[in-house]
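The sequence shown begins at 1 in the UniProt record's numbering and counts up one residue at a time. Note that beta-carbon positions come from the ideal geometry of N, C-alpha and C, so glycine has one too.
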Amino acid sequence: MVVSFGSVEGAQLWLEQTGCTFEMMLDSQRKVYRSFGLGSSFSKVLKFGCLMQLSEFSAADRDFPDFPHRLLEDIYQLGGDFLLDETGKVLLSHPSKNPLDRPSLKDVLQAAEDNTSSYEDKNEQKP
């Protein structure tokens, strides 16, 4: 699931432009963001290293969602990646240090696999 604090119109546009097929939840009051310890940071978002890497993406002609300025909200909001099981237990918590900070796919899959293994072990122990 993708959680966004933006408007319905902005969320729909983002889903269309990225081709993302996950469900989207709008959190305009940022309650979910706060519960995971996510905040806004001018200095982290506009850090030289981040801006340099983003400029390299642009130079390499990498596509980015094209948002009208009227739909841009808090560009300083930091995100994160979190993996929860069906009961809501957090299996992976990765609050981003900057906009480009994301866990590797290997780390996400490992967290999911570790949970699956422990779930299977518990079920095998039941009589």
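**OP:** Select from THR116, LEU38, ASP114, LYS97 the residue whose C-alpha is nearest the C-alpha of CYS50.
**Re:** Of the candidates THR116, LEU38, ASP114, LYS97, the residue whose Cα lies closest to the Cα of CYS50 is LYS97.
**OP:** Return helix, strand or coil for residue 128, following the three-state DSSP convention.
**Re:** Nothing about residue 128 can be reported from this structure: the residues present for the chain run from 1 to 127 only.
Subject >> Backbone CA spacing between ASP81 and ASP114 [nearest angstrom] >> reply: Approximately 17 Å, taken between the alpha carbons.
Subject >> Length-filtered (4 minimum) alpha helix (DSSP H) runs lying within the stretch 13-94 >> reply: Runs found: 31-35, 42-45, 48-59.
Original post:
Whose C-beta lies closer than 6 Å to the C-beta of residue 190 among residues of the same chain, with five residues either side of it excluded?
Top reply: With the chain running from 1 to 127 in the structure shown, residue 190 is simply not present.
Original post:
Are the stretch 81-92 and the stretch 37-47 touching, with three or more C-beta to C-beta distances below 8 Å?
Top reply: Using a C-beta cut-off of 8 Å, the stretch 81-92 makes no contact with the stretch 37-47, since fewer than three inter-stretch Cβ pairs fall below that distance.
Subject >> Beta-carbon contacts of LEU100 that lie in its chain and below 8 Å, excluding the five residues immediately before and after >> reply: The answer, listed in chain order, is CYS50, GLN53, LEU54.
Original post:
To which residues does DSSP link VAL2 through a beta bridge?
Top reply: In the DSSP assignment, the residues bridged to VAL2 are MET24.
Original post:
So what's ASP114 in DSSP terms, helix, strand or just coil?
Top reply: If DSSP states are grouped into helix, strand and coil, ASP114 belongs with the helices.
Original post:
To which residues of the same chain is GLY39 closer than 7 Å at the C-beta, ignoring the five residues directly before and after it?
Top reply: Once the five neighbours on either side are set aside, the close Cβ partners of GLY39 are LEU78.
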